[in-house]
Amino acid sequence: MNTYEYRLDPTEDVPLTTVVVGPALYRFAARRADESLLAGEPSQDDLVLRADETGASFCICDGVSLSFFGGLAARLLGDALLEWCASGIPAKAGEPQVRLSLERLLADLTHTAGEAVRSHPLPNSAAGLLREVLEDKRRLGSEAMFVFGRVDFPCTAYPAGRLVLGRMGDIRIRFAAADGQWESSLTGFTEQRWSTRRGAVGGRPAVLITELPAAGSGLTVYTDGWAAFCDGVTTLPPEGPDPWCAARDGEELPADDDQLFFQMQWQMEPPPDHEEEASS
Numbered sequence: 001m002n003t004y005e006y007r008l009d010p011t012e013d014v015p016l017t018t019v020v021v022g023p024a025l026y027r028f029a030a031r032r033a034d035e036s037l038l039a040g041e042p043s044q045d046d047l048v049l050r051a052d053e054t055g056a057s058f059c060i061c062d063g064v065s066l067s068f069f070g071g072l073a074a075r076l077l078g079d080a081l082l083e084w085c086a087s088g089i090p091a092k093a094g095e096p097q098v099r100l101s102l103e104r105l106l107a108d109l110t111h112t113a114g115e116a117v118r119s120h121p122l123p124n125s126a127a128g129l130l131r132e133v134l135e136d137k138r139r140l141g142s143e144a145m146f147v148f149g150r151v152d153f154p155c156t157a158y159p160a161g162r163l164v165l166g167r168m169g170d171i172r173i174r175f176a177a178a179d180g181q182w183e184s185s186l187t188g189f190t191e192q193r194w195s196t197r198r199g200a201v202g203g204r205p206a207v208l209i210t211e212l213p214a215a216g217s218g219l220t221v222y223t224d225g226w227a228a229f230c231d232g233v234t235t236l237p238p239e240g241p242d243p244w245c246a247a248r249d250g251e252e253l254p255a256d257d258d259q260l261f262f263q264m265q266w267q268m269e270p271p272p273d274h275e276e277e278a279s280s
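Per this note's numbering, the very first residue in the sequence shown carries number 1; after that it's consecutive.
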């Protein structure tokens, strides 16, 4: 079985990329804020994806800029959540059981993440007052918001398929029906996040488990850097990714925030035209 794995390189911008794996199509794009581009600093957003013919697991994280190198928490959390999504979600468990399993993961992760924060080097340019500020932030920890997903295509265990979603924070989640119309999004809260020092902050994580919607349906997840464009969109572009590229390179998107966009559509057959196909 062929497996496709992707991890966002935080030091690189990613043009809108389309990948087909089995019966699903994936699109993603990322761009650093102008300030980060000019300074040569990494994005604080993170995306990890693992997909094959049976389903997919993914995680999108948005590092909190006021914390200690929010991208650090984003990448630690993304890696842990991806592995948990792929193999740690209890089979056929309900939302309460999955939430408890997730909360244990978030609490346990603070132990290893705390050491990563303590040993994280400061930039050579950080001196004087800036260094003091960063050390104060280090003591408070690194923080990130997240959305994760686990998709199981129809099989013996899940005849109607299964979709598991979880989140903390204000990363957007929007669903699309088979006709391309975007449905209402899941509401998030800006005060929610995961902290390397305190674990879950601002309440319990939200978890949704449902049957997989009809073929041709999908979901879109994006950080607030994409909100200015995507929050007002009601229909997925049938002609392909060009409109997304135009939006990403145009004036619709703010230049002062990292931008990360992820989209998944499941269908009966892979489309005939796509930019990249996973073959190994």
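C-beta: ideal position from N, C-alpha, C; glycine also.
Closest by C-alpha distance to residue i, when choosing among the options
{"i": "residue 99", "options": "7, 24, 259 and 207", "result": "207"}
{"i": "residue 64", "options": "257, 267 and 263", "result": "257"}
{"i": "residue 164", "options": "53, 132, 213 and 145", "result": "213"}
{"i": "residue 193", "options": "145, 170 and 217", "result": "145"}
{"i": "residue 263", "options": "20, 18, 27 and 8", "result": "27"}
{"i": "residue 111", "options": "124, 190 and 198", "result": "198"}
{"i": "residue 138", "options": "120, 97, 124 and 41", "result": "120"}
{"i": "residue 67", "options": "203, 190, 143 and 211", "result": "143"}
{"i": "residue 156", "options": "92, 203, 40 and 75", "result": "92"}
{"i": "residue 75", "options": "87, 61 and 88", "result": "61"}
{"i": "residue 82", "options": "20, 97 and 106", "result": "106"}
{"i": "residue 219", "options": "178, 124 and 255", "result": "178"}
Cutoff 9 Å: residue i Cβ touching any chain B Cβ
{"i": "residue 41", "result": "The chain inventory of the structure shown lacks chain B, comprising one protein chain alone."}
Sub-9 Å separation of residue i and residue j beta-carbons
{"i": "residue 196", "j": "residue 117", "result": "yes"}
{"i": "residue 226", "j": "residue 172", "result": "yes"}
{"i": "residue 59", "j": "residue 149", "result": "yes"}
{"i": "residue 10", "j": "residue 44", "result": "yes"}
{"i": "residue 6", "j": "residue 72", "result": "no"}
{"i": "residue 49", "j": "residue 57", "result": "yes"}
{"i": "residue 261", "j": "residue 217", "result": "no"}
{"i": "residue 205", "j": "residue 232", "result": "no"}
{"i": "residue 103", "j": "residue 209", "result": "no"}
{"i": "residue 18", "j": "residue 25", "result": "yes"}
{"i": "residue 215", "j": "residue 266", "result": "yes"}
{"i": "residue 77", "j": "residue 30", "result": "no"}
{"i": "residue 115", "j": "residue 160", "result": "no"}
{"i": "residue 259", "j": "residue 80", "result": "no"}
Chain-order list of residues whose beta-carbon lies under 8 Å from that of residue i (same chain, five-residue window excluded)
{"i": "residue 269", "result": "With a pLDDT of 45 at residue 269, under the threshold of 50, the predicted position of this residue should be treated as unreliable, and no value is reported."}
{"i": "residue 1", "result": "52, 53 and 54"}
{"i": "residue 86", "result": "50, 57 and 150"}
Proximal residues to residue i (C-beta, below 6 Å), its chain only, five neighbours per side dropped
{"i": "residue 169", "result": "145, 188, 192 and 193"}
{"i": "residue 222", "result": "172, 230 and 261"}
{"i": "residue 122", "result": "134"}
{"i": "residue 158", "result": "152"}
{"i": "residue 201", "result": "193 and 195"}
{"i": "residue 242", "result": "Note that residue 242 scores a pLDDT of 48, beneath 50, so its modelled location is shaky; the value from the coordinates is reported in the next line. Around residue 242: no qualifying Cβ."}
Sequence-distant residues of its chain with Cβ nearer than 7 Å to residue i (five each side left out)
{"i": "residue 108", "result": "none"}
{"i": "residue 12", "result": "none"}
{"i": "residue 131", "result": "122"}
Quick one: which unbroken beta strand (DSSP E) runs of 3-plus residues sit fully inside the region 114-144? Chain order, please. none
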